[in-house]
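One structure is given below, encoded as structure tokens.
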Amino acid sequence: MKKSKEHYAFILPSLLTLVVIVIFPTIFLWYVSFTNYDLTMGWSKRSLVGVSNFAYLAWEDKDFWHSLRISLLFMVFTVVLEFVLGLAIALLFNRRIRGKRLWMSFLIIPMVITPTIISLIWKLMINTEYGVLNFILSWFLIGKINWLGFENAHWSVIMVDIWSWTPFVTLILYAGLQSLPQEPYEAAIVDGATPTQVFYYLTLPLLRPMILIAVLLRSIDSLKIFDVVYGLTQGGPGNSTELMSMHIYRLGFQHTNWIGRASANAIVLLVIITFFTTILLRIMRKSTREGF
Amino acid sequence: MSIAYSRKKKINGIILDILIALVVFACVFPFAWMVMTSIKTRVQTINPAIWIFRPTLENYRAIFQKRDLFLYIKNSLVVVVFTTVISIALGTFAAYGLARFQFSRKEDVAYWILSLRMLPPMAVVIPFFLFGRFLGLLDTHLLLILVYLSFNIPFTIWMMRGFIEDIPKELEEAAWVDGCSRYQGLRRIIFPLIAPGIAATSIFCVIQSWNEFALAFFLTSFNARTVPTTVTFFLSVLGVIWGEMASVGVIATIPVLIFALFVQKYLVRGLTFGAIKS
Numbered sequence: 001m002k003k004s005k006e007h008y009a010f011i012l013p014s015l016l017t018l019v020v021i022v023i024f025p026t027i028f029l030w031y032v033s034f035t036n037y038d039l040t041m042g043w044s045k046r047s048l049v050g051v052s053n054f055a056y057l058a059w060e061d062k063d064f065w066h067s068l069r070i071s072l073l074f075m076v077f078t079v080v081l082e083f084v085l086g087l088a089i090a091l092l093f094n095r096r097i098r099g100k101r102l103w104m105s106f107l108i109i110p111m112v113i114t115p116t117i118i119s120l121i122w123k124l125m126i127n128t129e130y131g132v133l134n135f136i137l138s139w140f141l142i143g144k145i146n147w148l149g150f151e152n153a154h155w156s157v158i159m160v161d162i163w164s165w166t167p168f169v170t171l172i173l174y175a176g177l178q179s180l181p182q183e184p185y186e187a188a189i190v191d192g193a194t195p196t197q198v199f200y201y202l203t204l205p206l207l208r209p210m211i212l213i214a215v216l217l218r219s220i221d222s223l224k225i226f227d228v229v230y231g232l233t234q235g236g237p238g239n240s241t242e243l244m245s246m247h248i249y250r251l252g253f254q255h256t257n258w259i260g261r262a263s264a265n266a267i268v269l270l271v272i273i274t275f276f277t278t279i280l281l282r283i284m285r286k287s288t289r290e291g292f
Numbered sequence: 293m294s295i296a297y298s299r300k301k302k303i304n305g306i307i308l309d310i311l312i313a314l315v316v317f318a319c320v321f322p323f324a325w326m327v328m329t330s331i332k333t334r335v336q337t338i339n340p341a342i343w344i345f346r347p348t349l350e351n352y353r354a355i356f357q358k359r360d361l362f363l364y365i366k367n368s369l370v371v372v373v374f375t376t377v378i379s380i381a382l383g384t385f386a387a388y389g390l391a392r393f394q395f396s397r398k399e400d401v402a403y404w405i406l407s408l409r410m411l412p413p414m415a416v417v418i419p420f421f422l423f424g425r426f427l428g429l430l431d432t433h434l435l436l437i438l439v440y441l442s443f444n445i446p447f448t449i450w451m452m453r454g455f456i457e458d459i460p461k462e463l464e465e466a467a468w469v470d471g472c473s474r475y476q477g478l479r480r481i482i483f484p485l486i487a488p489g490i491a492a493t494s495i496f497c498v499i500q501s502w503n504e505f506a507l508a509f510f511l512t513s514f515n516a517r518t519v520p521t522t523v524t525f526f527l528s529v530l531g532v533i534w535g536e537m538a539s540v541g542v543i544a545t546i547p548v549l550i551f552a553l554f555v556q557k558y559l560v561r562g563l564t565f566g567a568i569k570s
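Chains as they are written, first to last, in this note's numbering: chain F, 1 to 292; chain Z, 293 to 570.
Laid out in structure tokens, this is it:
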């Protein structure tokens with residue numbers, strides 16, 4: 001193979017741009033996380049304070065641990081439910097249906113509507129007094145539910161996330177189902193396998209790479225969530241829905257202006273997400289090498 | 293027995309059809325409710341029992357006249373168009389470099405680029421907010437265009453790499469034999485063939501940028517404010533103006549939905565950064 005430098009001309013412009021707008025800012029974020037900077041002081045007044053911002057989060061900031069806990073819970077609940085529902089709906093569509101393309105195109109709606117708009121339209125629909133959801137539930141003699149009250153708010157955020165992202169899982173898994181090879185299925189029928197056996201021993205293993213990619217992409221996105229929470233609850237009532245991004249926002253930009261501490265918290269979030277990203281990319285790398 | 297069996301199968305089919313109808317209904321209903329709310333009067337919006345009524349366009353008039361929606365649409369358009377064009381221009385070339393050359397640690401570079409797409413907005417926004425403050429760039433289109441490149445460029449590189457790799461190398465090599473340079477081959481052979489891919493990738497960039505909230509929320513206040521951040525108008529506790537909120541929602545959503553229909557074929561590919569080609 002001849003050594004050529006020609007590819008640099010193609011790749012370098014993008015790489016340099018990314019270094020300037022992503023790598024440099026990220027290094028700067030690490031730096032700020034070790035300073036006592038807050039928005040009310042001049043930049044020159046800042047000083048390095050070692051790991052005390054991280055120590056503050058770990059030992060003094062109970063809300064940090066709360067936000068970490070509910071963010072992870074949020075991730076687990078949304079991802080598991082979106083996976084189960086998404087797979088079920090993909091299986092529903094995986095047969096002959098008249099006008100299938102049209103029906104499936106409706107699944108796109110929840111995914112592409114601006115998330116902040118989604119949060120407000122849901123806020124209207126789940127209003128306790130005049131929301132249409134309680135109105136419809138009253139037909140089934142279910143009493144008024146206070147969807148955004150202290151007890152339920154976290155579940156309501158989860159519900160809205162499930163509404164908007166289950167179709168994402170469905171579309172990926174449906175594409176997977178459609179691309180499965182026919183031969184193993186013919187062999188299984190010849191061998192007299194029951195539909196349940198075929199599903200557990202054939203379909204699920206064959207879908208594995210798609211399932212992993214869909215689940216990990218959803219995990220990463222659900223940890224990052226800010227817009228829907230902001231529109232729906234702004235972290236409240238109290239701090240019952242203060243997921244990690246909301247906590248960073250409150251530390252850095254609302255009331256306290258502690259940018260140093262907010263940066264430390266952003267670093268924590270960054271590290272958690274990097275962990276999941278590493279797994280995702282390893283799987284993508286493996287499955288593209290082996291092919292789907 | 294066979295009649296009973298076929299009857300059971302028929303009933304099963306009907307149950308499955310009903311389930312599909314329920315899924316479709318669940319996906320469409322909130323959107324339909326938003327459209328309905330946008331053409332209701334203020335009193336009607338807080339009465340969920342009203343499903344049939346005389347529509348009014350009052351809310352739409354209000355958001356354009358009282359709330360400067362034109363300005364925010366213009367801001368969104370400026371930011372979306374520039375960030376998309378720059379991402380496509382830079383990203384397509386990088387994608388070609390990754391698709392057509394072999395060099396050491398190529399995949400490491402490619403996956404490193406993709407990992408940048410996963411960064412949480414809260415980690416990106418703090419440094420950009422501070423840079424914006426120091427340089428006086430807060431509330432400008434420029435800052436938003438730059439920060440949106442951070443997710444659009446990695447996305448474009450991955451999408452376009454797939455589209456370019458779909459085109460057989462031999463087509464290009466034939467052109468080189470005929471005396472084309474690499475750039476001529478790129479322009480005359482590759483570019484026309486990847487045009488649909490460029491269109492699809494652009495649309496994905498447009499949708500992502502148009503919908504983005506967290507970064508725009510921190511980095512703009514009035515002059516460069518984009519459409520998604522206008523929802524903060526409607527968060528005040530006193531008197532939520534649902535009709536106006538819903539009409540902003542309809543205006544913001546319709547173009548995105550139309551665009552999304554165009555790229556339906558590439559949707560799975562776009563959602564998985566080219567990892568799954570359906």
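Quick reminder that beta carbons are idealized off the backbone N, C-alpha and C, glycines included. This one's a predicted model, so the numbers in the text were calculated from it and none came from an experiment.
Could you give the uninterrupted runs of the beta strand (DSSP E) lying entirely in the region 338-371 of chain Z, keeping only those of 3 residues or more?
none
Strictly under 8 Å for the Cβ-Cβ distance: is residue 464/Z near chain F by that measure?
no
Just grab the DSSP bridge partners of residue 48/F for me.
35/F
Might you give, ordered along the chain, the residues of its own chain that have their beta carbon closer than 7 Å to the beta carbon of residue 554/Z, omitting 5 neighbours on each side?
495
When the Cα of residue 349/Z is compared with those of 386/Z, 365/Z, 361/Z, 328/Z, which residue comes out closest?
328/Z
Hey, residue 534/Z and residue 124/F: beta-carbon distance below 8 Å or not?
yes
Please report the straight-line C-alpha distance between residue 597/Z and residue 403/Z, rounded to a whole angstrom.
Here chain Z covers residues 293 to 570 and nothing more, so residue 597/Z does not appear.
Relative to the C-alpha of residue 398/Z, which candidate in 15/F, 237/F, 235/F, 212/F has its C-alpha closest?
15/F
Under a CB-based cut-off of 8 Å, is residue 530/Z close to chain F?
Reliability of the predicted coordinates at residue 530/Z is poor, the pLDDT of 49 falling under 50, and the value obtained from them is presented with this limitation in mind. No, its Cβ sits nowhere closer than 8 Å to a Cβ of chain F.
Residue 440/Z: first and last residue of the uninterrupted alpha helix (DSSP H) it sits in
433-457
For residue 235/F, tell me which candidate among 223/F, 250/F, 222/F has the shortest Cα-Cα distance.
250/F
Distance, Cα to Cα, residue 561/Z vs residue 51/F?
42 Å
Helix, strand or coil for residue 179/F? Go by DSSP, reduced to three states.
coil
Helix, strand or coil: how does DSSP classify residue 258/F here?
coil
Residue-level contact to chain Z via CB, residue 224/F, 8 Å cutoff
yes
Give me the Cα-Cα distance between residue 215/F and residue 83/F, rounded to the nearest whole angstrom.
7 Å
Straight-line gap, residue 159/F to residue 77/F (C-alpha atoms, nearest Å)
10 Å
Check distances from the C-beta atoms of the region 119-132 of chain F to those of chain Z and list, in chain order, the residues that come in under 9 Å.
119, 120, 121, 122, 123, 124, 125, 127, 129, 130, 131, 132
In this structure, how does DSSP classify residue 530/Z when only helix, strand and coil are distinguished?
Low confidence applies to residue 530/Z: its pLDDT is 49, below 50, so where it sits in the model is not reliable, and the reading given next is rough at best. Residue 530/Z falls in the coil class under three-state DSSP.
What residue from 444/Z, 425/Z, 384/Z, 457/Z has the CA that sits closest to residue 375/Z's CA?
444/Z
Proximal residues, the region 315-334 of chain Z versus chain F, C-beta separation under 8 Å
315, 316, 318, 319, 320, 322, 323, 325, 326, 329
Any beta carbon from chain F within less than 8 Å of residue 503/Z's own beta carbon?
yes
Backbone CA spacing between residue 107/F and residue 174/F [nearest angstrom]
12 Å
What ranges does the alpha helix (DSSP H) occupy inside the region 48-101 of chain F, keeping only unbroken runs of at least 4 residues that lie completely in it?
52-55, 62-93
Counting only the same chain and skipping the five closest in sequence on each side, list residues whose C-beta sits under 7 Å from that of residue 206/F.
180
Name the chain Z residues whose beta carbon is nearer than 9 Å to that of residue 32/F?
418, 419, 422
7 Å Cβ shell around residue 259/F - same chain, five flanking residues per side excluded:
32, 37, 38, 39, 252
Within the 8 Å Cβ cut-off, does residue 7/F reach chain Z?
yes
Cβ shell of residue 122/F (< 6 Å), same chain only, five flanking positions each side left out:
160
Could you spell out the range, first to last residue, of the alpha helix (DSSP H) harbouring residue 468/Z?
461-469
Rounded to the nearest angstrom, what separates residue 22/F and residue 225/F at their Cα positions?
19 Å
Pick helix, strand or coil for residue 394/Z, following the three-state DSSP scheme.
coil
How big is the Cα-Cα spacing for residue 512/Z and residue 361/Z?
15 Å
Buried or exposed: residue 452/Z, going by 16 or more other Cβ atoms within 10 Å of its Cβ?
buried
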